[in-house]
Every structure is written in structure tokens, then in C-alpha cells.
Amino acid sequence: MINDPTDPKEAYSSAIDILSRRDRSVKELSDKLVQKGFAESAVSEAIAKLSAKHYIDDVRMASHFLASHLSDQSLTQLKFKLMRRGISGDDIATAIAGLAEEAVDESETLRNRQACAVLDFLKKKRYDPEDPAANKILASLSRKGFSYDTIKEGLALFEEEQNCD
Numbered sequence: 000m001i002n003d004p005t006d007p008k009e010a011y012s013s014a015i016d017i018l019s020r021r022d023r024s025v026k027e028l029s030d031k032l033v034q035k036g037f038a039e040s041a042v043s044e045a046i047a048k049l050s051a052k053h054y055i056d057d058v059r060m061a062s063h064f065l066a067s068h069l070s071d072q073s074l075t076q077l078k079f080k081l082m083r084r085g086i087s088g089d090d091i092a093t094a095i096a097g098l099a100e101e102a103v104d105e106s107e108t109l110r111n112r113q114a115c116a117v118l119d120f121l122k123k124k125r126y127d128p129e130d131p132a133a134n135k136i137l138a139s140l141s142r143k144g145f146s147y148d149t150i151k152e153g154l155a156l157f158e159e160e161q162n163c164d
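Under numbering that gives the first Met the number 0, the first residue of the sequence shown carries the number 0, and numbering increases by one thereafter.
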């Protein structure tokens, strides 16, 4: 229960409680605090304090989100999900660039991870190139946001019977 909706300390305390459950974007957190009944001024002060202490960071949140979901969803889908969470296009681009740098260090590219996601999808759907419904599976990958080149790489991995594990 909120004692004083204009108190930034109370908004800050509530924000810490919300962040203890999971990482949130600045927009998600501010919406949640406003929904709880805090005044905009208290919310903005609390978020400024959280940002200064690096408790909330949209780029970091986007990087973690991308890293954990890149193996099963297309980059396009993930970008849209992050935008829905209120993360700016610049922050998403920064997170993707950071992820690409990490991938180079690990001798693994983002594209390879996406090709592995395609391979996993093909295996899950029991893809058979001889089956007349094979094109439907490839079309569904395209609708999920995978590029033609990524689908082609995933098919090459499938034909070579490689694993991405």
C-alpha cells in the first residue's frame, strides 16, 4: 500500500521490489509504478536514481533478452518484442552489436546461432525435403522472421546432418 504517492523514496523502494523479480526496461518499470499509483514526478526521480546506480539499463536488459532467446527465435521477432517492451531502436542496435562482438570472441556468429535455430526447427517439424509439405515448413520459417540466407544455412546444416550443440 502506498502511503505517499508523491514520495520518490517510496517509489524507489517499490521499484527495487519490482526489479528483484526480473529485469525490466525503463518504460516497463515506469508503467508499473504509475499503475501502482505513484505520481509521474516520483517515478521519474526513482528511475533516475536507479539508472545512476546501474540497477536499470535498457541495453543490458536487451542483451540478456537477445542472448537467451536467440537460439529459438529470429532476430526480427526479438527486435519487435524488445520494442514492445519500450526499448529504443538505438539501444537494441547497441545490444546486437555487443552480442556480435561477443560472438566473434567465441568464434560463433549471430548468423550461425540463427542457422542453428532454423536447424532445430527443421528437426522439430521432422522436415523431409521429399515431402510435398516441405515448402510450408520453409515458408513458416520465413514468416517467423528468418532471412532467406539464414534458412539456406540451416538447410545446409540439416543436409550435412550436423548438430549445433
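Every residue, glycine too, gets a C-beta built ideally from N, C-alpha and C.
For the set G144, L121, H63, K143, the Cα lying nearest the Cα of A133 is the one of L121. For G153, the uninterrupted alpha helix (DSSP H) segment begins and ends at 147-158. For L81, the three-state secondary structure derived from DSSP is helix. Per the coordinates, the alpha-carbon of R23 lies some 19 Å from the alpha-carbon of S40. The beta carbons of L49 and V42 sit no closer together than 8 Å. Looking at the backbone, the Cα of T75 and that of G144 are separated by about 5 Å.
The DSSP-derived three-state label of Q113 is helix. If you ignore the 5 residues before and after S73, its C-beta comes within less than 7 Å of the C-beta of Q113, K143, G144, F145, all in its own chain and listed in chain order.
Annotation for E9: I1, N2, D3, F37, A41 place their beta carbon closer than 8 Å to its own, counting only its chain and skipping 5 residues before and after. In the structure shown, P4 falls within a coil segment according to DSSP collapsed to helix, strand and coil. Rounded to whole angstroms, the Cβ separation of I86 and L65 is 11 Å, and the two are not in contact under 8 Å.
Residue state for I46 is assigned as helix, using DSSP reduced to three classes.
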